[in-house]
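Chains A and B, in that order, are what the protein sequence lines are.
The first sequence runs 175 to 593 under this note's numbering.
The second sequence runs 744 to 1000 under this note's numbering.
Using N, Cα and C, we set each Cβ at its ideal position, and we do this for glycine too.
Down below is the structure, laid out as structure tokens.
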Amino acid sequence: MDFNRIKEKLNILADAAKYDVSCSSSGSNRKNTNKGLGNASNGICHSYSEDGRCISLLKILLTNHCIYDCAYCVTRKSNDIKRAAFKIQEVVDLTINFYRRNYIEGLFLSSGIFKDPDYTMERLIAVAKKLRLEENFNGYIHLKSIPGASDELMYEAGLYADRLSVNIEIPTVSGLKLLAPDKKHEDFAKPMLKVKNEIIRFKEERKLLKSTPKYAPAGQSTQMIVGATGESDKDVMYSATHFYKNFHMKRVYYSGYVPVSNDSRLPSIGTQVPMLRENRLYQTDWLLRFYGFSVQELLNAEYPNLDMDVDPKLSWALRNLQHFPVDVNKAEMSVLARIPGVGMTSVHKIMKARKFRKLDWDHLKKMGVALNRAKYFILCDSRHWERRDLDPQRIKGLILSTSYGKYRPQYSNQLSLFN
Amino acid sequence: MTTTKTFIYDGSFNGFLTAVFAGFEQKLPFADIQKERLAQNGLFSETETIFTNIELAKRVWNGIKNRSNIAIKNIYFSFLSGERNMEPLLYQYIRKIMGSKYVASDFSDACILKISQTAQKVHREKHRMEAFVRFQLTKDGIYFANIEPDFDVLPLISKHFKERYADQPWIIYDLKRNYGLYYDLHGVEIITMDLSNGFGNSIQKSAAMTNEEYDYQDLWNNYFKSTNIKSRINKKLHTQHIPKRYWKYLSEKKEAV
């Protein structure tokens, strides 16, 4: 193995793959069989890059040659960059050797499109097939589906991969037309639909026949770039809801646009990555998936964008004070989950603990409830609660004056004197 | 003034459980259980030395297990934390568990909450070790790793690595507690070795490792840099996820140490 050449390729092809947000390695259930190598059921982050993101998988492109010219993509045809391509065996060797040293949970393999979608998809599948059948590898494999790949190939990909994903990239159809004129919206939807249907079919068969092989056991995911086309948070989250509902997505990722191109259609190079907005979108996503909120409650014609200074749950509560205060010793679980500053872990602790005695401020604080926010919305076993009739603006002001969010410097109006 | 009783035990988990048995047998509401080498007698307390008895330990273990599986895990994990004065607190905890059925989830009780939080801390480090162990391939064909965890987590990670790396012989060695696990393709055994410094991620190469090993460390180190997005840099979050005390054994952190 020529390590210098591999090193060069790895630098190029990891650098180009890093804008793909997904690095999750959980949600599968692949066991180590016949004393082989690895298992995929844990979801471990083995390292964290200096930008603070988790490194769980070896995330690379098979090649950064591409026939398309999507404005938002570093790998676009018209971009003058160094190009490289891995051989199939090289990707297999890297994966196995990194895995054996406990650097990674598995492989995330994406690719620029050389020649045509099917030709590219076939090569991605060849890597996964070799890992599974020749190396007896049971670690996690995430394959990127190439938009426009045929149904037969999508079927085969699911037999070897734990997760499949197609990035929708741009949340609105009009935005896609503008920035990726070569791609059609249907090209994304078709492989997603095929995978969704196969997952359902395999699950049904498994009920009858235990030996049915696994098909994409960790499901599928997709990603949207935010902040590239002037879409609203409502556009983004309604689109995400559509994917959760109609394609049974396990995850939708939101990727704050990192300017990589001098193109008049896009924010210019040097524009700050919208990290706070990204954070708020993920919080909203969580509220939809785990806290029982519907997307219309959080974003609608009246509120098309998320509040930047407070989290979406608090923002919702301030607009709906009629639901509060909530008595933590009596309220139902679904109601507890809607209190600002109370996460699902605390909800479960409260439900269990209140069987033994009535909970007071001290109990809640020790359990990890963020009282600085929660105290305006709850009653507990104490005569001291917030009795003043406060209006939403006043509550928001009080909360902001006692909290210090990690993104505060980004949106503070206060100018810093010594920076 | 209440006098308490001090039990001195050998430091093993079974020894601790035997002491708990003795405390229950004597119907003590409080028992100060201490490790042999750390023992300090209270001025007015009576002292009893406990000899580890596997049978009695098992009875205590099964007794708790019949009550609650969560409690069993919390007790074992908290014990491995090795924190000072953990044993008397655990004694108190076990008394509560044996007293009523659902008490392991009573997070409004200070003792229950403390034990479950300590167990959580140990659990976090167990998980981190599953993530941050870095094997290096020796010339003998064994994948070798050093660790220096805050808590004694080797017993907790043994199963994970045995299941994951079933086809390669490996050693994980705890330099702080001076013992390790050796998997020889059949089973895992406990070993002790004479390692003065261990094998960190220093630029200095060791003759014990294959040349290829350093090539792969370089590749990984390079990958780590290439995958970073400079316009999103967030060092604070980075060190929050990988505390600096782990860095010296991470091959991706070569220059930093």
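Quiz item: Residues of chain B with a CB under 9 Å from the CB of residue 203 of chain A: which are they?
Solution: Stepping through the first sequence from its first residue, residue 203 of chain A is reached at position 29. What residue 203 of chain A touches in chain B, judged by beta-carbon distance under 9 Å, is nothing: the nearest beta carbon there is about 13 Å away.
Quiz item: Taking Cβ positions, are residue 273 of chain A and residue 431 of chain A nearer each other than 8 Å?
Solution: Position 99 of the first sequence, counted from the first residue, corresponds to residue 273 of chain A. Position 257 of the first sequence, counted from the first residue, corresponds to residue 431 of chain A. Cβ distance not < 8 Å, so residue 273 of chain A and residue 431 of chain A don't count as in contact.
Self-check item: Pair within 8 Å by beta-carbon distance, residue 866 of chain B and residue 822 of chain B
Solution: Sequence index remark: in the second sequence, residue 866 of chain B carries index 123 (1-based). Sequence index remark: in the second sequence, residue 822 of chain B carries index 79 (1-based). No, Cβ-Cβ distance for residue 866 of chain B and residue 822 of chain B is not below 8 Å.
Quiz item: Can you round the beta-carbon distance between residue 188 of chain A and residue 248 of chain A to whole angstroms, since I take them to be within the 8 Å contact cut?
Solution: Position 14 of the first sequence, counted from the first residue, corresponds to residue 188 of chain A. Position 74 of the first sequence, counted from the first residue, corresponds to residue 248 of chain A. Taking a contact as a CB-CB distance under 8 Å, the pair residue 188 of chain A and residue 248 of chain A does not count as one, their CB atoms being some 12 Å apart.
Quiz item: Do you know offhand how far residue 304 of chain A's Cα is from residue 280 of chain A's?
Solution: Your numbering for residue 304 of chain A matches position 130 in the first sequence. Your numbering for residue 280 of chain A matches position 106 in the first sequence. Distance from the CA atom of residue 304 of chain A to the CA atom of residue 280 of chain A, rounded to whole angstroms, is 14 Å.
Quiz item: For chain A, is any of its Cβ atoms less than 8 Å away from the one on residue 959 of chain B?
Solution: Your numbering for residue 959 of chain B matches position 216 in the second sequence. It does; some Cβ of chain A falls within 8 Å.
Quiz item: Quick one: complete beta strand (DSSP E) runs, 3+ long, within the region 924-972 of chain B?
Solution: Runs found: 931-934.
Exercise. Taking C-beta pairs closer than 9 Å, name the residues in chain B that residue 541 of chain A reaches, listed in chain order.
Key: In the first sequence, counting from the first residue as 1, residue 541 of chain A sits at position 367. Neighbours of residue 541 of chain A on chain B, chain order: 850, 851 and 856.
Quiz item: Looking at C-beta atoms only, is the number of pairs between the region 879-899 of chain B and the region 914-934 of chain B that lie closer than 8 Å three or more?
Solution: With a cut-off of 8 Å, the region 914-934 of chain B and the region 879-899 of chain B count as touching, because enough Cβ pairs lie within range.
Quiz item: Between residue 973 of chain B and residue 925 of chain B, what straight-line distance do the alpha-carbon atoms span, to the nearest angstrom?
Solution: Sequence index remark: in the second sequence, residue 973 of chain B carries index 230 (1-based). Sequence index remark: in the second sequence, residue 925 of chain B carries index 182 (1-based). Between the alpha carbons of residue 973 of chain B and residue 925 of chain B lies a gap of roughly 40 Å.
Quiz item: Between the C-alpha atoms of residue 196 of chain A and residue 229 of chain A, what's the straight-line distance to the nearest angstrom?
Solution: Indexing the first sequence from 1 puts residue 196 of chain A at position 22. Indexing the first sequence from 1 puts residue 229 of chain A at position 55. Their Cα atoms are separated by approximately 10 Å.
Quiz item: Since residue 848 of chain B is in the beta strand (DSSP E), which residue starts that stretch and which ends it?
Solution: Counting from one through the second sequence, the residue named residue 848 of chain B turns up at place 105. Segment: none, residue 848 of chain B is in no beta strand (DSSP E) and carries neither H nor E.
Self-check item: chain B contact for residue 537 of chain A (CB, 8 Å cutoff)
Solution: Reading the first sequence from its first residue, position 363 is the one you call residue 537 of chain A. At least one chain B Cβ lies under 8 Å of residue 537 of chain A.
Quiz item: Are the region 485-499 of chain A and the region 466-477 of chain A touching by the rule of at least three beta carbon pairs closer than 8 Å?
Solution: With a cut-off of 8 Å, the region 466-477 of chain A and the region 485-499 of chain A count as touching, because enough Cβ pairs lie within range.
Quiz item: For the 8 Å Cβ check, are there 3 or more pairs between the region 545-556 of chain A and the region 861-875 of chain B?
Solution: The region 545-556 of chain A makes no contact with the region 861-875 of chain B; the number of CB pairs closer than 8 Å stays below 3.
Quiz item: Buried or exposed: where does residue 407 of chain A fall if 16 or more other Cβ atoms within 10 Å of its Cβ makes it buried?
Solution: Within the first sequence, numbered from 1, the residue matching residue 407 of chain A stands at position 233. Buried.
Quiz item: In this structure, does DSSP put residue 992 of chain B in helix, strand or coil?
Solution: What you label residue 992 of chain B is simply residue 249 of the second sequence in a count that begins at 1. Three-state DSSP puts residue 992 of chain B in a helix.
Quiz item: Alpha carbon to alpha carbon, what distance is there between residue 997 of chain B and residue 200 of chain A?
Solution: For the purposes of this step, residue 200 of chain A is taken as residue 26 along the first sequence, with counting starting at 1. For the purposes of this step, residue 997 of chain B is taken as residue 254 along the second sequence, with counting starting at 1. In this model, residue 200 of chain A and residue 997 of chain B are separated by some 28 Å (Cα to Cα).
Quiz item: Between which two residues does the beta strand (DSSP E) carrying residue 777 of chain B extend?
Solution: On the second sequence, position 34 is the one that residue 777 of chain B refers to. For residue 777 of chain B, the uninterrupted beta strand (DSSP E) segment begins and ends at 775-778.
Quiz item: Using CA coordinates, which residue listed in A:520, A:402, A:321 and A:566 is at the minimum distance from residue 497 of chain A?
Solution: On the first sequence, position 323 is the one that residue 497 of chain A refers to. Closest by alpha carbon: A:566.
Quiz prompt | Where the region 769-781 of chain B meets chain A: residues whose CB sits under 7 Å from a CB there | solution = Under the 7 Å Cβ criterion, the region 769-781 of chain B contributes no residue.
Exercise. For residue 593 of chain A, I'd like the list of residues in its chain whose CB is within less than 8 Å of its CB, leaving aside the five on either flank, ordered along the chain.
Key: What you label residue 593 of chain A is simply residue 419 of the first sequence in a count that begins at 1. Low per-residue confidence applies at residue 593 of chain A: pLDDT is 39, beneath 50, and the placement is therefore not dependable enough to give any value.
Practice problem: Please confirm if residue 688 of chain B has its CB atom under 8 Å from at least one CB of chain A. | Solution: Examination of residue 688 of chain B is not possible in this model, given that chain B is present from 744 through 1000 alone.
Exercise. Would you mind stating whether residue 918 of chain B and residue 941 of chain B have Cβ atoms separated by less than 8 Å?
Key: By 1-based counting over the second sequence, the position of residue 918 of chain B is 175. By 1-based counting over the second sequence, the position of residue 941 of chain B is 198. A contact, by the Cβ cut-off of 8 Å.
Exercise. Find the residues of chain A that neighbour residue 874 of chain B, judging by a C-beta separation of less than 7 Å, and give them in chain order.
Key: The residue you call residue 874 of chain B lines up with position 131 of the second sequence. Think of a sphere of 7 Å around the beta carbon of residue 874 of chain B: the chain A residues whose beta carbon falls inside it are 218, 219 and 220, in chain order.
Quiz prompt | residue 503 of chain A versus residue 510 of chain A - alpha carbon distance | solution = To locate residue 503 of chain A, count along the first sequence from 1; it is residue 329. To locate residue 510 of chain A, count along the first sequence from 1; it is residue 336. Taking the straight line from one Cα to the other gives about 10 Å.
Practice problem: Taking only beta carbons into account, state which residues of the region 960-973 of chain B come closer than 9 Å to chain A, listed in chain order. | Solution: Against chain A - using a Cβ distance shorter than 9 Å - the residues of the region 960-973 of chain B are 960, 961, 962, 963, 965, 966, 967, 968, 969, 970, 971, 972 and 973.
Quiz item: Would you report the Cα separation of residue 405 of chain A and residue 240 of chain A, rounded to the nearest angstrom?
Solution: The residue given as residue 405 of chain A occupies position 231 in the first sequence. The residue given as residue 240 of chain A occupies position 66 in the first sequence. Residue 405 of chain A and residue 240 of chain A have their alpha carbons spaced roughly 27 Å apart.
Quiz item: Does the separation of the CB atoms of residue 907 of chain B and residue 213 of chain A fall below 8 Å?
Solution: Residue 907 of chain B sits at position 164 when you count from the first residue of the second sequence. Residue 213 of chain A sits at position 39 when you count from the first residue of the first sequence. Note that the C-beta distance between residue 907 of chain B and residue 213 of chain A is below 8 Å.
Quiz item: Which term fits residue 557 of chain A, buried or exposed, when burial requires 16 or more other beta carbons within 10 angstroms of its beta carbon?
Solution: As a first step, residue 557 of chain A is located in the first sequence; it is residue number 383 there, counting from the start. Counting the other CB atoms within 10 Å of its CB gives residue 557 of chain A a total below 16, which places it among the exposed residues.
Exercise. Below 7 Å between beta carbons is the criterion; list the residues of the region 981-992 of chain B that meet it against any residue of chain A, in chain order.
Key: Those would be 981, 984 and 985, in chain order.
Self-check item: Option in B:930, B:970 and B:960 with minimal Cα separation from residue 880 of chain B
Solution: Sequence index remark: in the second sequence, residue 880 of chain B carries index 137 (1-based). The shortest C-alpha separation from residue 880 of chain B is found at B:960.
Quiz item: Is the Cβ-Cβ distance between residue 429 of chain A and residue 436 of chain A less than 8 Å?
Solution: For this step, residue 429 of chain A is matched to residue 255 along the first sequence. For this step, residue 436 of chain A is matched to residue 262 along the first sequence. No, the Cβ-Cβ distance between residue 429 of chain A and residue 436 of chain A is not below 8 Å.
Exercise. State the beta-bridge partners of residue 318 of chain A as determined by DSSP.
Key: To locate residue 318 of chain A, count along the first sequence from 1; it is residue 144. Residue pairing by DSSP puts residue 318 of chain A in a beta bridge opposite A:339.
Exercise. Determine, using beta carbons only, whether residue 253 of chain A comes closer than 8 Å to chain B.
Key: Walking along the first sequence from the start, residue 253 of chain A turns up at place 79. Chain B, which has no Cβ nearer than 8 Å to the Cβ of residue 253 of chain A, makes this no.
Exercise. Please check the pair residue 827 of chain B and residue 449 of chain A, which I expect to be a contact at CB under 8 Å, by giving their CB distance rounded to whole angstroms.
Key: Within the second sequence, residue 827 of chain B is the residue found at index 84, counting from 1. Within the first sequence, residue 449 of chain A is the residue found at index 275, counting from 1. Actually they are not in contact, since the Cβ atoms of residue 827 of chain B and residue 449 of chain A sit about 41 Å apart, beyond 8 Å.
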